[in-house]
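Inspection log for the structure reproduced underneath, given as structure tokens.
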Amino acid sequence: MTDSNGAHEPHGATGHEAPTSTNNPNATTNGTSNMPGATGSLDPTLQAASTAATRNKPPVWAIILAVLAVLAVIIGSIAAIRTLTSSNDTPAGHKESNVTIGVKLAPTNLDIRNTAGSALDQVLIDNVYEGLLDRGADNGVQPGIAQSWDVSDDGKTYTFELADGMTFSNGDTLDSQDVVWSLNEAIKQGYHGSEFLSAVDTVTASDSSTVIITLKEPDADLLWNLTGRAGLIYDEEAEGSYDPKTQALGSGPFTVEQFTADDSITLKRNDEYWGKNKAKTEQITIKYFTDNNAAVNALKSGDVALLAPIMPNVMQTFADDPEHYDVQPGDDTDKYTLAMNNGDGHATNDKRVRQAIRYAIDHDELIAARGGVDLPLYGPIPELDPGYEDLSALYPHDVAKAKQLLAEAGYNEQHPLKLTLTYPNIYGSEIGDMLRSQLAQAGIDLDVQEVEFSTWLEQVYTNKQYDLSLVDHNESHDIGSWANPDYYFNYNNKQVQQLINDARTAPTEQESEAKLKQAARIISEDAAADWLFNYRVTTAMAKGVEGFPVNMNQSFMPLVDFTYTKQ
Amino acid sequence: MQLSRSSQPGSGRSRAVWRVVLATMWAHGTGRFALVVMALWTAIALVSLFWTPVPLGLTDGFNVWAAPSLTHIMGTDGTGADMFSWLIAGMGTDLFIVIVTVALTAALGLLVESLMVSRSVALSQGSIVTVDALISIPTMLIALMLAAPLGATVIGVILACGIGYGLNLARVARPAALLAARSAYVESARANGASAVRVFFTHIVPNCMPVMIVQLSLSAGTALLAEAGLTYLGIGVPSGTPSLGRSIATSVSLITVHPTTVIWPGLTATILVVALNLLGDNLRDAIDPLRNPALRQLGHAVQSSDAAPEREA
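First to last, the sequence lines map onto chains A and B. To get my numbering, take the position in the first sequence, counting from 1, and add 9. To get my numbering, take the position in the second sequence, counting from 1, and add 4.
What follows is the structure, encoded as structure tokens:
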């Protein structure tokens, strides 16, 4: 709102003053003599009044001057802001012990067990809390609290060997008892993430460093899921001694020094960390910016060392200055999904209509408009997830083909296809405008409705009242939603459901991946939705930042190796 | 004065009056500015209905935020659409919004005004209390309430502004209207059997005119700003419809990166609002016989030519 006011402000401030302060006698006398009928007044007082009134009216050139003055003020202030914010040079030095970084989505509290949202995963997992297993930068599974693991041939028994000498940040020892308690508690209390443990039958400890998990049925995703919320290990003895909403107690390389809701979190190095790889920076403050302009200014002025993410449309400012900034896109699993209501009673229930929409969309143009860093994506599985396959050949951009399919489905210029696109306004108006323009070329009349996220949740996600919807499905390993006929896609394909279930229970990874690949191809061929692109989060860093995770840093941002040296 | 001598009562006379009023406004610098801007605005709005340099629906993702060039004289926005085309088309939408809002404000204002000066105490006192209560509801809130069932629509903006400003107009014009309603000539007209409707339109409305014109021109300017504000909040002009508010909203979020793009729609809105306010001021001065001797002269001429044409010779 302040930005909008800024656009109007100068007219009230200067527009009125300038004309009255400049008074040209020549202009006013001319004005008087030209007045038709001014001499014809019978009443001298009225005559005087009219002359006075004329003198108070500023001439045209004064107004032009005023407008120019307004323009000068606007341009001048912008120039001033630019020079002020860009000329902030500090002397070169050593590694900073106290660094602030800028992030976008803020958590409302720290209770990771009972609060949804990737903002908590981002700041807490691997920094404050550690999982039974760890996630690599390639989205693969790595040793964490468990140093090694063994899977039985039938895929139903997992044996984990834990590391030695582990402690929580309060000094309590971490052993198999804590692991067993944490996993059982998650299942019993239904904590966030526990849905991924649905196949688990029992969790037991055979000795202080060995944990055995038995499953009801094989689950190919179990190991990966244990790297996330489902596998986090908490301190059993300390339970109840701290407030999980404002404090966090884990075994990670950092502790939470201070938490201010919706503003910032300060992490402090845990000097007693059990692992070999101790944090390289003593104190890191994570500051949250919802406003793009504020974020850009913070990085320009040196208030933050980096921004993760930086929005594609403001990225250019830093990309143009490679001497001071490093701008890097990171791989991620964000799928910008154009959902098409597959349910009865919708025009998009007709497969030809859905195919026409996929042919009509020019994905390369969408990506180019966003700065060209995103990857094309033509199916439900992104490159970082198991089962990925390049499906770009299925629906290339082809407006003629789209028109032909629409004609087959019974739409023409007299009876154009009218569809409504409902999407949350956080994604910006540009993407809706471009889709309307692209679909119009194929003869589809698209009504774009940008709504609040809560409205989207109710109208689209819960009530399934939509034709087309656009949302960023950022979860990894989430192809399961296509096997759920009650999900808002309204997609019900028995073959896909069977394949995805088979993939989950497949005894080997290869078999599982093959099934996922097959399922993804069917979903894409069915044109169940369109995948606009695979969003890559771009990170803008000041020169001197090292060891910051560029990939997947919106849901997983280990800061243990992060350092910043002021240049 | 030649014109007014030959003019006859009826349409000829009102044409002569308007000619004098326009000439008076043209003679003033600010009036001339307002008239020129309004004429340009109307012309641009009409042209944009049929033609824009680049078709509005055309986007070009490979050419976003382009610098000004011959094909895109103000550059392109985040979808590669032509900023200039959207700006002039937006001026058309805003002219429509302003005109309809002013008409609605005047209609509602006069309706409420007639209740306020009614001879029935219950009606007049009741309407005053009601209007006082309703005035406390901000226009923004009315717009939000309308947005719930209507969504973001042009109608919503017009209704919200029309209701808010109409009530204000009635309240501000009430003293002038009351003075006329309780005057001796209205008493006399009533005694001679003039109907309440006739008295309202021949005596009360003309007396409120100066106040109304200023108030309506303020409403026009504020309606334009309200459109920009409501569109920025997502409850004004819907996506895909050009408007000044949309042009500002799409560029303002990137003011640090593309500072020049927000200047044009912002400056346009500023000039239009200033012109609307100056138009109201000048129109009031020009249309008021007490302040405009030319008009008085015309009145004399007409009166003398009507009443005693033989004396002219």
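All residues carry an ideal CB built from backbone N, CA and C; glycine is no exception.
What are the residues that DSSP puts in a beta bridge with residue i?
| i | result |
| --- | --- |
| A:Glu-459 | A:Tyr-432 |
| A:Ile-83 | None, per the DSSP bridge assignment. |
| A:Asp-343 | A:Tyr-544 |
| A:His-482 | A:Lys-344 |
| A:Arg-144 | A:Val-150 |
| A:Trp-158 | A:Phe-169 |
At what residues does the beta strand (DSSP E) containing residue i begin and finish?
| i | result |
| --- | --- |
| A:Lys-575 | Note, A:Lys-575: premise wrong, no beta strand (DSSP E); not H, not E. |
| A:Thr-211 | 209-216 |
| A:Leu-241 | Per DSSP, A:Leu-241 belongs to no beta strand (DSSP E) and is neither H nor E. |
| A:Gly-111 | 107-112 |
| A:Gln-292 | 292-297 |
| A:Thr-255 | Here A:Thr-255 belongs to no beta strand (DSSP E), and DSSP marks it neither H nor E. |
| A:Val-265 | 263-269 |
Are any of the Cβ atoms in chain B nearer than 7 Å to that of residue i?
| i | result |
| --- | --- |
| A:Ser-438 | yes |
| A:Ile-87 | yes |
| A:Ser-401 | no |
| A:Thr-464 | no |
| A:Leu-316 | no |
| A:Glu-374 | yes |
| A:Asn-43 | Any answer about A:Asn-43 is weak, because its pLDDT of 42 lies below 50 and its placement is not dependable; what the coordinates show is given next. It does: the Cβ of A:Asn-43 has a partner Cβ on chain B nearer than 7 Å. |
| A:Ser-478 | no |
| A:Asn-302 | yes |
| A:Phe-298 | no |
| A:Val-569 | no |
| A:Glu-467 | no |
| A:Thr-547 | no |
| A:Ala-328 | no |
| A:Glu-392 | no |
Quick one, are the C-beta atoms of residue i and residue j less than 7 Å apart?
| i | j | result |
| --- | --- | --- |
| B:Ser-89 | B:Thr-143 | no |
| A:Lys-350 | A:Asn-499 | The question names Lys, but residue 350 of chain A is Asn in the sequence shown. Taking 7 Å as the Cβ cut-off, A:Asn-350 and A:Asn-499 qualify as a contacting pair. |
| A:Leu-444 | A:Asn-136 | no |
| A:Thr-572 | A:Gly-556 | yes |
| A:Asp-187 | A:Ile-242 | yes |
| A:Glu-139 | A:Ser-260 | yes |
| A:Val-559 | A:Gly-339 | yes |
| B:Val-102 | B:Ala-224 | yes |
| A:His-486 | A:Asp-394 | yes |
| A:Phe-565 | A:Ile-376 | no |
| A:Gln-267 | A:Ile-370 | no |
| A:Val-554 | A:Ala-314 | yes |
| B:Ile-80 | B:Ala-70 | This sequence places Thr at residue 80 of chain B; Ile is not what is there. Result yes, Cβ atoms of B:Thr-80 and B:Ala-70 sit closer than 7 Å. |
| A:Lys-526 | A:Asp-511 | no |
| A:Thr-547 | A:Met-324 | yes |
| B:Ser-247 | B:Thr-235 | yes |
| B:Leu-99 | B:Trp-30 | no |
| B:Ala-177 | B:Val-116 | no |
At least one CB of chain A closer than 7 Å to the CB of residue i: is that the case?
| i | result |
| --- | --- |
| B:Val-21 | no |
| B:Pro-214 | no |
| B:Leu-173 | no |
| B:Glu-316 | Low confidence applies to B:Glu-316: its pLDDT is 39, below 50, so where it sits in the model is not reliable, and the reading given next is rough at best. With 7 Å as the cut-off, B:Glu-316 does not count as an interface residue toward chain A. |
| B:Thr-80 | no |
| B:Ser-128 | no |
Which stretch, first to last residue, makes up the alpha helix (DSSP H) that contains residue i?
| i | result |
| --- | --- |
| B:Ser-128 | 125-139 |
| B:Tyr-236 | 209-236 |
| B:Asp-98 | 87-120 |
| B:Ile-272 | The question names Ile, but residue 272 of chain B is Thr in the sequence shown. Its alpha helix (DSSP H) spans residues 263-291. |
| B:Thr-254 | 248-256 |
| A:Gln-506 | 503-514 |
| A:Thr-326 | 325-328 |
| A:Leu-224 | Note, A:Leu-224: premise wrong, no alpha helix (DSSP H); beta strand (DSSP E) at 219-224. |
| B:Thr-56 | Premise fails: B:Thr-56 is in no alpha helix (DSSP H) and is neither H nor E. |
Does the Cβ of residue i lie closer than 6 Å to at least one heavy atom of the ligand ATP?
| i | result |
| --- | --- |
| B:Ile-92 | Judged by which ligands are present, the structure shown has none, so any question about the ligand ATP falls away. |
Can you name the residues of chain D whose CB is closer than 9 Å to the CB of residue i?
| i | result |
| --- | --- |
| B:Pro-246 | The structure shown contains no chain D; its protein chains are A and B. |
>> If the cut-off is 8 Å on Cβ atoms, which residues from the segment 414-444 of chain A count as contacting chain B, listed in chain order?
In response: Asn-434, Gly-437, Ser-438, Glu-439, Gly-441, Asp-442, Met-443
> Any residues in the segment 137-160 of chain B with a beta carbon nearer than 9 Å to a beta carbon of chain A? Which ones, in chain order?
Replying inline: Gly-155, Ala-156
> Closer than 7 Å, Cβ to any Cβ of chain A: which residues of the segment 37-65 of chain B, in chain order?
Replying inline: Phe-37, Gly-61, Leu-62, Thr-63, Gly-65
> In the segment 265-279 of chain B, which residues sit with their C-beta less than 9 Å from some C-beta in chain A, listed in chain order?
Replying inline: Correct list: Val-266, Ile-267, Pro-269, Gly-270, Leu-271, Ala-273, Thr-274, Ile-275, Val-277, Val-278.
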